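Take a look at the structure below.
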Amino acid sequence: MKDKSFGTFLILWLGQFVSSIGSGLTAFGLGVYVFQQTQSATAVSMVTLSTFLPIILLAPVGGVLADRFDRRLMMLIGDGGAVIGLAYLLFLLATGEAALWQICASVAFSSLFASLTEPAYRASISDLLTEEFFAKASGMVQLAGAAKFLISPVVAGLLLRVMDVEMLILMDISTIIVTFLTITAVRRSFGAKPAQAGQQNKAQVKKRDGASNKEKSRPIIQMAQELREGWQLVVSNRGVLMLMLLLTAITFYMGFLETLYTPMVLPLSDEQTLGIVQSVSATGLLLGSLFIGLFSKSSRYVRMLSVGLLIAGLFFSLIGMSPNVWLIAGAGFLFFAAMPFVNTGADVLIRKNIPNEAQGRAWGIIGVISQLGYVLAYASAGPLADHVFNPLLEENGSLASTVGQLIGTGPGRGIGLLFMVAGVSVIGLGFVVARMKSVIQLEKQAAADEIKLADDSMVPGV
């Protein structure tokens, strides 16, 4: 029975894996198309923001809906809405050059429905599998999500040499249809479970707490209360609060890289090379994560975090320093290889200092706040590149005769300078966190708790 359930999950996972590749094709193709049409980093960042913002804002709502309604139905609605948005975008592109606002509106509409799919998909793992398969399934889910960064760029870069962006969008629509079919194929395995579980949970809550039907009918108020409790958990521990702000700063700088990679590299090469550079860079993230999973036994998480930031900042700067695309790819690979050490250090320090029963609420707040760094980056990266940094390194720009002698002048080199500044800032964060007393105290407290737990386990009857 377990094997059958895991086989059902594999069918569902395969559909999501294919869909992830398809969405990556559209993201890459649109980035190239918009930049080639406008030569504007601001336009690229607007498209990226339109894609990302609905998912961030509606993720909590999608999670609530996934717990209250049929998860299979939520996934089908999400995929159906995403197809409508992409189909409209395809129509606009096929009938003439689409205006930037129309592209942004289309991808925002598609992302709005995608925000329904992701929480329901992740929650469905609990419907399909027993706990012994959770870790394996989690790894596979992360792999499927990474496919858009590892596989899609190089594939899209190759395809754009022989076809237009419209064909990439059509492929994306086709992959969503495949996902739609896989969800339909496994409908009997978990279609009724969320509703049944919801009824059972309501009965248990009523019996345990004596909650009234009126209180149960106020999910928005309950959600707000849980968010408020999560916020209090975070701000009451200064070390955890500092790490949350640190993660927000990291996502801010990561957002610069994600948004401006295409406007920096494309003037130096072509679509195929850009795709290879992006895929090579993203591979570093995968290998860094594997290294930690297989070999890391360190308990000095502050050092892991600070050294990871120092290395990441160094290679972030090197990404911007050279106009050679292969040096950019190598520096990008090493930058992303360092990021899992940063994420793991911060993650473990937070987890060990938040009570287990409060982890969900705390991580809900940390997730929302830290993701705001991406939003700020997507909103500001384009204008900073177009109106501040790129003009400095034009042929007759203010820094052409000084900094330009080191990193070059012309299209995209101002973005390189922006990356260098961002890299130095990340290095600064590495030095700061290594000396931050509140963060160091988190590690000491975690070590003290482990010693106490070990001592208690040696006492008979404890």
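Counting in UniProt numbering, the sequence shown runs from 1 upward without gaps.
Positions of the beta carbon are idealized from the N, C-alpha and C atoms, including for glycine.
If you're wondering where the values come from, they're calculated on a predicted model, not measured in any experiment.
Take the Cβ of residue i as the centre, count every other Cβ of all protein chains shown within 10 Å, and call the residue buried at 16 or more, exposed below.
{"i": "PRO355", "result": "exposed"}
{"i": "GLY7", "result": "exposed"}
{"i": "LEU294", "result": "exposed"}
{"i": "LEU65", "result": "buried"}
{"i": "TRP101", "result": "exposed"}
{"i": "GLY85", "result": "buried"}
{"i": "GLU118", "result": "buried"}
{"i": "SER438", "result": "exposed"}
{"i": "ALA120", "result": "buried"}
{"i": "THR95", "result": "exposed"}
{"i": "ILE103", "result": "buried"}
{"i": "GLU395", "result": "exposed"}
{"i": "GLY15", "result": "buried"}
{"i": "VAL162", "result": "exposed"}
{"i": "GLY31", "result": "buried"}
{"i": "THR262", "result": "buried"}
{"i": "SER281", "result": "buried"}
{"i": "GLN371", "result": "buried"}
{"i": "LEU418", "result": "buried"}
{"i": "SER401", "result": "exposed"}
{"i": "THR184", "result": "exposed"}
{"i": "PHE333", "result": "buried"}
{"i": "ARG435", "result": "exposed"}
{"i": "LEU76", "result": "buried"}
{"i": "LYS214", "result": "For LYS214, the pLDDT reaches just 48, beneath the cut-off of 50, and the residue's location in the model is therefore unreliable, leaving the point undetermined."}
Near residue i, which residues of its chain fall below 7 Å by C-beta distance, leaving aside the five closest residues on each side in sequence?
{"i": "ALA312", "result": "PHE335, ALA338, MET339, VAL342 and VAL426"}
{"i": "VAL325", "result": "VAL265, LEU268, SER269, THR273 and VAL277"}
{"i": "ALA331", "result": "PHE315, LEU318 and ILE319"}
{"i": "ILE365", "result": "LEU227, GLY230, TRP231 and VAL234"}
{"i": "ALA137", "result": "PHE9, ILE125 and LEU129"}
{"i": "VAL186", "result": "THR8, ILE11 and LEU12"}
{"i": "LYS206", "result": "Bear in mind that a pLDDT of 47 at LYS206, under 50, signals an unreliable position, so the model cannot answer this."}
Do you know how far the Cα of residue j is from the Cα of residue i?
{"i": "LYS216", "j": "GLY22", "result": "At LYS216 the pLDDT is 47, less than 50, meaning the model places this residue with poor confidence; the figure from the coordinates comes in the next sentence. When rounded, the distance between both Cα atoms is 40 Å."}
{"i": "THR51", "j": "LEU399", "result": "34 Å"}
{"i": "PHE389", "j": "MET321", "result": "14 Å"}
{"i": "LEU170", "j": "THR38", "result": "23 Å"}
{"i": "THR42", "j": "ALA385", "result": "8 Å"}
{"i": "ALA329", "j": "ARG68", "result": "45 Å"}
{"i": "SER236", "j": "ARG351", "result": "15 Å"}
{"i": "THR26", "j": "GLN445", "result": "46 Å"}
{"i": "TRP231", "j": "LEU442", "result": "18 Å"}
{"i": "LEU241", "j": "LEU159", "result": "45 Å"}
{"i": "SER299", "j": "VAL107", "result": "43 Å"}
{"i": "ILE125", "j": "PHE9", "result": "7 Å"}
{"i": "SER289", "j": "VAL424", "result": "24 Å"}
{"i": "GLY78", "j": "ILE55", "result": "12 Å"}
{"i": "GLN225", "j": "MET420", "result": "42 Å"}
{"i": "GLN222", "j": "THR283", "result": "41 Å"}
{"i": "LEU406", "j": "MET254", "result": "24 Å"}
{"i": "ALA123", "j": "GLY428", "result": "39 Å"}
{"i": "GLY210", "j": "PHE35", "result": "The pLDDT assigned to GLY210 is 47, lower than 50, so where the model puts this residue is not dependable, and the model offers no usable value."}
{"i": "ALA448", "j": "VAL307", "result": "23 Å"}
{"i": "VAL348", "j": "LEU305", "result": "10 Å"}
{"i": "SER115", "j": "LEU58", "result": "6 Å"}
{"i": "LEU243", "j": "ILE440", "result": "11 Å"}
{"i": "GLY301", "j": "ALA346", "result": "What sits at residue 301 in the sequence shown is Tyr, not Gly. Approximately 7 Å between the Cα atoms of the pair."}
{"i": "GLY367", "j": "LEU53", "result": "14 Å"}
Of all the CB atoms in chain D, is at least one closer than 9 Å to the CB of residue i?
{"i": "GLY330", "result": "Reference to chain D is not applicable here, since this structure consists of a single protein chain."}
Please list, in chain order, all residues of the same chain as residue i whose beta carbon is under 6 Å from its beta carbon, the five residues on each side excluded.
{"i": "PHE256", "result": "ALA377, ALA381 and ALA422"}
{"i": "PRO391", "result": "GLY397"}
{"i": "VAL18", "result": "THR175 and VAL178"}
{"i": "ILE292", "result": "PRO340 and THR344"}
{"i": "GLY404", "result": "LEU393"}
{"i": "ALA98", "result": "LEU92"}
{"i": "SER110", "result": "ALA82, GLY85 and LEU86"}
{"i": "VAL165", "result": "GLY29 and TYR33"}
{"i": "GLY275", "result": "PRO153, VAL154, ALA156 and GLY157"}
{"i": "ALA146", "result": "none"}
{"i": "GLU271", "result": "VAL32, GLY157 and LEU160"}
Check whether the Cβ of residue i lies closer than 8 Å to any heavy atom of the ligand COA, and answer yes or no.
{"i": "ALA87", "result": "Looking at this structure, you won't find the ligand COA or any other ligand, since it has none at all."}
Between which residues of its own chain and residue i is the CB-CB distance below 8 Å, once the five residues before and five after are set aside?
{"i": "THR259", "result": "ALA41, VAL44, SER45, THR48, ALA377, TYR378, ALA381 and GLY382"}
{"i": "ILE151", "result": "ILE21, GLY24 and SER279"}
{"i": "ARG90", "result": "Per the sequence shown, residue 90 should be read as Leu rather than Arg. So the list reads GLU166, ILE169, LEU170 and ILE173, once near-sequence residues are dropped."}
{"i": "ALA358", "result": "GLU229, GLY230 and LEU233"}
{"i": "LYS148", "result": "SER20, ILE21, SER23, GLY24 and ALA27"}
As an exercise, report each continuous beta strand (DSSP E) stretch of at least 3 residues that is fully enclosed by the region 67 to 107, in chain order.
Qualifying beta strand (DSSP E) stretches: none in this window.
Is there contact between the region 238 to 256 and the region 373 to 383, where contact requires at least three CB pairs shorter than 8 Å? Yes, the region 238 to 256 is in contact with the region 373 to 383.
Runs of alpha helix (DSSP H) lying entirely within the region 135 to 169, each at least 4 residues, in chain order
Taking only runs of at least 4 residues, the alpha helix (DSSP H) segments lying wholly in the region 135 to 169 are 152 to 159.
Okay, do the region 170 to 180 and the region 70 to 90 touch, 3+ Cβ pairs below 8 Å being the bar?
Yes: the two stretches touch, three or more of their Cβ pairs being nearer than 8 Å.
Where are the alpha helix (DSSP H) runs, 4 residues long or more, that stay fully inside the region 272 to 346, in chain order? Whole alpha helix (DSSP H) segments, 4+ residues: 301 to 321.
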